[in-house]
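Number of protein chains: 2
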Amino acid sequence: MQPKSIVLTKNDIPRKWYNILADIKMNPPLGPDGNPISPDMLAPVFPMNLIEQEVSTERWIDIPEPVLDVLSIWRPAPLTRASAFEKALGTPAKIYFKNEGMSPPGSHKPNTAVPQAYYNKMFGIENITTETGAGQWGSALSFACAQYGLTCKVFMVRISFDQKPYRKAMMQTWGGECIASPSSETKAGRDALEKDPNTPGSLGIAISEAVEAAVGDTSGKTRYSLGSVLNHVMLHQSIIGLEAKKQFEIAGDYPDIVIGCAGGGSNFAGLAFPYVLDKINGRDIEIYPVEPKACPTMTRAPFAYDHGDTAGYTPLLPMHSLGHNFVPAPIHAGGLRYHGMAPTVSQLINEGLLAPKSVGQMDAYKAGILWARTEGFIPAPETTSAIAQVVVEAEKAKAEGKEKTIVFTFSGHGLLDLGAYEKYFAGELSDFTLEDAEIEESTEILKNYPKPQEMKSR
Amino acid sequence: MQPKSIVLTKNDIPRKWYNILADIKMNPPLGPDGNPISPDMLAPVFPMNLIEQEVSTERWIDIPEPVLDVLSIWRPAPLTRASAFEKALGTPAKIYFKNEGMSPPGSHKPNTAVPQAYYNKMFGIENITTETGAGQWGSALSFACAQYGLTCKVFMVRISFDQKPYRKAMMQTWGGECIASPSSETKAGRDALEKDPNTPGSLGIAISEAVEAAVGDTSGKTRYSLGSVLNHVMLHQSIIGLEAKKQFEIAGDYPDIVIGCAGGGSNFAGLAFPYVLDKINGRDIEIYPVEPKACPTMTRAPFAYDHGDTAGYTPLLPMHSLGHNFVPAPIHAGGLRYHGMAPTVSQLINEGLLAPKSVGQMDAYKAGILWARTEGFIPAPETTSAIAQVVVEAEKAKAEGKEKTIVFTFSGHGLLDLGAYEKYFAGELSDFTLEDAEIEESTEILKNYPKPQEMKSR
Numbered sequence: 415m416q417p418k419s420i421v422l423t424k425n426d427i428p429r430k431w432y433n434i435l436a437d438i439k440m441n442p443p444l445g446p447d448g449n450p451i452s453p454d455m456l457a458p459v460f461p462m463n464l465i466e467q468e469v470s471t472e473r474w475i476d477i478p479e480p481v482l483d484v485l486s487i488w489r490p491a492p493l494t495r496a497s498a499f500e501k502a503l504g505t506p507a508k509i510y511f512k513n514e515g516m517s518p519p520g521s522h523k524p525n526t527a528v529p530q531a532y533y534n535k536m537f538g539i540e541n542i543t544t545e546t547g548a549g550q551w552g553s554a555l556s557f558a559c560a561q562y563g564l565t566c567k568v569f570m571v572r573i574s575f576d577q578k579p580y581r582k583a584m585m586q587t588w589g590g591e592c593i594a595s596p597s598s599e600t601k602a603g604r605d606a607l608e609k610d611p612n613t614p615g616s617l618g619i620a621i622s623e624a625v626e627a628a629v630g631d632t633s634g635k636t637r638y639s640l641g642s643v644l645n646h647v648m649l650h651q652s653i654i655g656l657e658a659k660k661q662f663e664i665a666g667d668y669p670d671i672v673i674g675c676a677g678g679g680s681n682f683a684g685l686a687f688p689y690v691l692d693k694i695n696g697r698d699i700e701i702y703p704v705e706p707k708a709c710p711t712m713t714r715a716p717f718a719y720d721h722g723d724t725a726g727y728t729p730l731l732p733m734h735s736l737g738h739n740f741v742p743a744p745i746h747a748g749g750l751r752y753h754g755m756a757p758t759v760s761q762l763i764n765e766g767l768l769a770p771k772s773v774g775q776m777d778a779y780k781a782g783i784l785w786a787r788t789e790g791f792i793p794a795p796e797t798t799s800a801i802a803q804v805v806v807e808a809e810k811a812k813a814e815g816k817e818k819t820i821v822f823t824f825s826g827h828g829l830l831d832l833g834a835y836e837k838y839f840a841g842e843l844s845d846f847t848l849e850d851a852e853i854e855e856s857t858e859i860l861k862n863y864p865k866p867q868e869m870k871s872r
Numbered sequence: 415m416q417p418k419s420i421v422l423t424k425n426d427i428p429r430k431w432y433n434i435l436a437d438i439k440m441n442p443p444l445g446p447d448g449n450p451i452s453p454d455m456l457a458p459v460f461p462m463n464l465i466e467q468e469v470s471t472e473r474w475i476d477i478p479e480p481v482l483d484v485l486s487i488w489r490p491a492p493l494t495r496a497s498a499f500e501k502a503l504g505t506p507a508k509i510y511f512k513n514e515g516m517s518p519p520g521s522h523k524p525n526t527a528v529p530q531a532y533y534n535k536m537f538g539i540e541n542i543t544t545e546t547g548a549g550q551w552g553s554a555l556s557f558a559c560a561q562y563g564l565t566c567k568v569f570m571v572r573i574s575f576d577q578k579p580y581r582k583a584m585m586q587t588w589g590g591e592c593i594a595s596p597s598s599e600t601k602a603g604r605d606a607l608e609k610d611p612n613t614p615g616s617l618g619i620a621i622s623e624a625v626e627a628a629v630g631d632t633s634g635k636t637r638y639s640l641g642s643v644l645n646h647v648m649l650h651q652s653i654i655g656l657e658a659k660k661q662f663e664i665a666g667d668y669p670d671i672v673i674g675c676a677g678g679g680s681n682f683a684g685l686a687f688p689y690v691l692d693k694i695n696g697r698d699i700e701i702y703p704v705e706p707k708a709c710p711t712m713t714r715a716p717f718a719y720d721h722g723d724t725a726g727y728t729p730l731l732p733m734h735s736l737g738h739n740f741v742p743a744p745i746h747a748g749g750l751r752y753h754g755m756a757p758t759v760s761q762l763i764n765e766g767l768l769a770p771k772s773v774g775q776m777d778a779y780k781a782g783i784l785w786a787r788t789e790g791f792i793p794a795p796e797t798t799s800a801i802a803q804v805v806v807e808a809e810k811a812k813a814e815g816k817e818k819t820i821v822f823t824f825s826g827h828g829l830l831d832l833g834a835y836e837k838y839f840a841g842e843l844s845d846f847t848l849e850d851a852e853i854e855e856s857t858e859i860l861k862n863y864p865k866p867q868e869m870k871s872r
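Those protein sequence lines, which keep their order, are chains A and B. Heads up: the first sequence at position 79 corresponds to 493 in our numbering, and the numbers run straight through without jumps. Heads up: the second sequence at position 351 corresponds to 765 in our numbering, and the numbers run straight through without jumps.
Right under this line is the structure:
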């Protein structure tokens with residue numbers, strides 16, 4: 415029998431993260447006054463050890479032993495050959511996937527939730543606050559906080575809170591507290607409720623509530639945590655690609671094409687950044703972040719300074735952005751409905767090291783269902799976008815008669831998103847496209863901010 | 415770092431199943447006339463190659479290569495040391511779990527769904543029918559049928575069908591057809607609907623519908639499939655224990671106590687039967703099947719001939735049974751709400767090779783939540799019963815100051831059962847106990863059937 419997966423032993427988990435900041439130049443984040451912010455300005459929000467990671471330019475950073483202990487609950491994640499999917503497509507391409515759906519919360523998110531909880535604990539923090547949209551991040555952080563005995567308070571966008579009661583139960587099972595946002599616990603929440611008592615909420619309001627709840631705790635024992643976009647999140651996720659490289663070595667193969675879906679950018683960066691390093695060093699490799707056509711941050715939005723949140727409380731970050739007031743169409747890949755893109759991913763696009771792609775929702779579900787019927791695992795809605803791009807590349811390889819090697823991150827399973835599949839089968843889903851005028855309108859606000867410099871790292 | 419899991423490579427998947435029928439004597443199943451049934455009487459229901467497995471007394475049976483190919487999507491399953499759970503309990507016991515929650519449908523069920531679909535395919539069958547209660551089995555069989563290009567029709571008990579729409583979506587994603595039972599597609603269904611158009615349905619009616627739909631297809635291309643109780647199901651599940659034995663060899667350890675929850679008996683048998691063989695050969699080892707106090711088949715019900723289904727369509731099987739009209743309390747471990755117990759498990763209890771235990775629902779959830787907060791994976795409601803017994807044994811080891819080695823099957827994750835956890839946190843769950851008089855009443859019907867012989871295999 416041909417082994418299907420390349421399985422590493424627990425002792426093969428990488429011992430260091432890869433930090434892309436060692437290899438690219440970046441525009442700095444700006445404060446409200448338009449000047450670069452200093453690390454201590456972030457101290458009320460994040461613990462200093464994580465702020466140091468956020469700005470570090472060391473190429474390799476040690477993964478602490480107690481973090482490895484918890485990661486080893488599900489890591490190393492298998493790298494698996496999707497031979498049944500290949501056969502169904504009739505492609506000469508070899509398709510591999512890195513399965514991040516095996517973690518307890520079912521996605522790649524705990525790769526950073528665990529170290530973030532650990533560093534908070536080490537800094538003497540006892541409580542973490544965060545926001546969550548569809549619920550993946552709030553679940554992962556609740557799981558991680560349980561491991562280190564921290565409390566976890568999650569502000570969940572009310573419409574998702576009401577639609578997905580299972581997510582609340584999941585967080586509660588791990589000891590997390592999940593509150594519908596806007597809530598009456600914060601000023602930001604009370605203001606929003608006063609304006610509209612029946613508001614469905616938004617990620618922007620939820621971020622404001624979580625930050626306020628952290629900063630407002632005068633005991634100094636509470637901090638805020640973010641699940642994507644920031645540099646230290648990309649750092650923690652690099653374990654995905656570092657493992658994959660070891661596994662490809664065992665398989666005696668190396669990818670021609672690396673693919674990942676990208677909302678804030680973290681699961682994509684996790685697999686891709688270690689390969690970006692190879693590309694910088696001259697390796698011939700294509701690297702594609704994939705976004706939904708309904709939220710085309712990378713493929714159609716300008717590179718600009720913008721806030722990370724809708725309310726405009728965060729520093730200005732240099733990124734491809736549709737403008738922080740942009741409200742994407744209600745596609746089911748909730749994790750890809752973000753107006754911006756991680757500054758690191760954005761910079762790599764500018765440097766021509768990444769070639770972003772976009773796919774439609776219907777193609778994504780079609781690809782996801784073919785995947786489930788061949789490879790078994792039901793993908794999360796976000797993951798189906800990556801799979802749709804894999805189909806495009808596999809068909810190209812077929813047309814060209816080339817045996818290309820493709821790898822992508824299976825970022826999570828869809829077992830808590832089956833409602834979306836139900837709607838697909840009931841014919842209730844559709845594609846969404848954006849007019850140029852809509853993008854012009856939503857990015858108008860970016861003209862108020864300083865312009866980031868065009869940087870070339872080499 | 416101490417490795418947490420013992421990970422086998424794909425090439426270490428066992429190549430043969432273990433058949434307990436080689437090592438114990440059994441009472442035969444009886445037909446409507448009270449005489450032992452012959453294999454050909456089952457031919458309209460099951461394909462002949464599976465019937466041959468059902469009655470085989472060969473000790474080792476080859477696993478076909480195409481079955482291994484599909485099992486290798488998630489097998490070998492990790493054997494993991496639950497060190498964080500041990501620490502939380504403060505026990506000197508070493509606790510290991512065999513994680514069967516990593517399969518695409520999230521439970522041990524595909525271990526038999528895959529070979530059953532394969533043997534049907536080999537026999538020229540094109541369509542499989544089955545019933546499902548909570549949905550685990552219908553999901554697993556839909557997944558397996560997709561792998562071999564068979565259609566799968568699942569009659570799902572209406573109340574579960576309505577309460578758990580995600581299960582239908584899951585089956586649909588794998589190409590399965592999920593129908594609320596009773597349906598108008600069969601005579602059994604129409605009769606039930608005529609009696610009560612608003613009936614919530616029952617597993618008994620659903621089995622009748624599935625059998626009727628298979629037998630009634632005059633093309634001869636349709637058969638029925640059962641997910642537990644029968645001998646060939648126990649055979650297919652033995653892969654769990656055979657893998658675990660290889661892993662314990664690598665760990666340089668051997669269990670003192672083997673534990674599994676038991677509804678129909680298949681996940682328990684899967685881990686336990688290979689260890690029963692060791693026990694028969696003189697090894698000192700305790701083996702505990704665990705059931706809910708609300709459905710005490712093994713601990714309080716007589717050994718008798720009874721039907722496998724409520725409607726009484728199946729042959730009479732020799733088993734511990736509460737009587738086929740018994741309706742257990744509405745505990746959330748739906749997979750453990752079965753009136754009987756696999757004939758093989760029942761016979762091993764009679765021979766003193768197994769020592770059954772029972773646990774209450776509240777203790778089970780309490781144990782399951784401690785598990786989630788330490789080991790991360792949220793257990794299925796059924797699995798929490800096994801964990802509750804692990805807690806009992808770990809505390810006993812602590813009281814006795816003994817470093818015992820305990821292993822149990824983590825039979826599945828609870829990501830589609832989070833509603834039950836929600837109810838637990840809302841204080842809406844409770845324990846159920848049965849009066850002796852209730853058991854006397856429900857087992858009254860067993861007096862109408864022949865008595866099985868008391869058999870001792872050695």
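The beta carbon of each residue, even a glycine, is placed where N, CA and C say it ideally should be.
Euclidean distance between Cα positions of residue i and residue j
i: B/ASP437; j: B/GLY678; result: 20 Å
i: B/HIS650; j: B/HIS738; result: 26 Å
i: B/THR857; j: A/SER497; result: 52 Å
i: A/ILE539; j: A/GLN561; result: 14 Å
i: A/GLU500; j: A/PRO506; result: 8 Å
i: A/PRO519; j: A/SER553; result: 6 Å
i: A/PRO442; j: A/ASP723; result: 17 Å
i: B/GLY470; j: B/ILE477; result: Position check: residue 470 of chain B holds Ser in this sequence, whereas Gly was assumed. Near 14 Å, if we compare the C-alpha coordinates of B/ILE477 and B/SER470.
i: A/LYS810; j: A/LYS816; result: 8 Å
i: B/HIS827; j: A/SER517; result: 11 Å
i: A/GLY634; j: A/SER622; result: 18 Å
Other residues of its chain near residue i: CB distance less than 6 Å, five sequence neighbours each side excluded
i: A/PRO710; result: SER772
i: A/MET755; result: GLY679, THR711, MET712, MET733 and HIS734
Residue i versus the options, residue with shortest Cα-Cα distance
i: B/TYR638; options: B/THR728, B/ASN441 and B/ILE475; result: B/THR728
i: A/LYS865; options: A/GLY590, A/ASN433 and A/GLY448; result: A/GLY448
i: A/THR819; options: A/THR544, A/THR471, A/SER452 and A/TYR510; result: A/TYR510
i: A/ALA725; options: A/HIS753, A/LYS512 and A/MET869; result: A/HIS753
i: A/LYS861; options: A/LEU784, A/PRO757 and A/TYR719; result: A/TYR719
i: B/TYR689; options: B/VAL568, B/LEU656 and B/CYS675; result: B/LEU656
i: B/ALA624; options: B/SER642, B/SER595 and B/PRO614; result: B/SER595
i: B/LYS693; options: B/LEU767, B/PRO757, B/PHE662 and B/HIS721; result: B/LEU767
i: A/LEU843; options: A/ALA743, A/LYS609 and A/LEU435; result: A/ALA743
i: B/LEU640; options: B/SER652, B/ALA620 and B/GLY634; result: B/ALA620
i: A/GLY618; options: A/VAL459, A/THR636, A/PHE569 and A/ARG489; result: A/PHE569
i: A/PHE791; options: A/PRO446, A/LEU830, A/ILE475 and A/GLY515; result: A/GLY515
i: B/ILE420; options: A/ASP631, A/ILE475, A/PRO490 and A/ARG473; result: A/PRO490
Spatial neighbours of residue i in its chain, beta-carbon cut-off 7 Å, leaving aside the 5 residues before and after
i: A/GLN803; result: ILE673, TYR702, VAL704, LYS771 and VAL773
i: A/LYS659; result: PRO688
i: B/GLU468; result: LEU644, ASN645 and HIS646
Supposed close pair residue i, residue j - CB separation, criterion 8 Å
i: B/ASN525; j: B/ILE654; result: 7 Å
i: B/PHE382; j: B/ASN764; result: This structure cannot settle anything about residue 382 of chain B, because the visible part of chain B is limited to 415 through 872.
i: A/ASN463; j: A/PHE557; result: 21 Å between Cβ atoms; not a contact.
Residue i Cβ short of 7 Å to the ligand FAD heavy atom set
i: A/GLY674; result: With respect to the ligand FAD, the structure offers nothing, as it holds no ligand at all.
Segments of 3+ residues assigned as beta strand (DSSP E) that fall wholly inside the region 569-599 of chain B: 591-595
Whole runs of the beta strand (DSSP E) within the region 627-689 of chain A, excluding any shorter than 3 residues: 636-638 and 671-675
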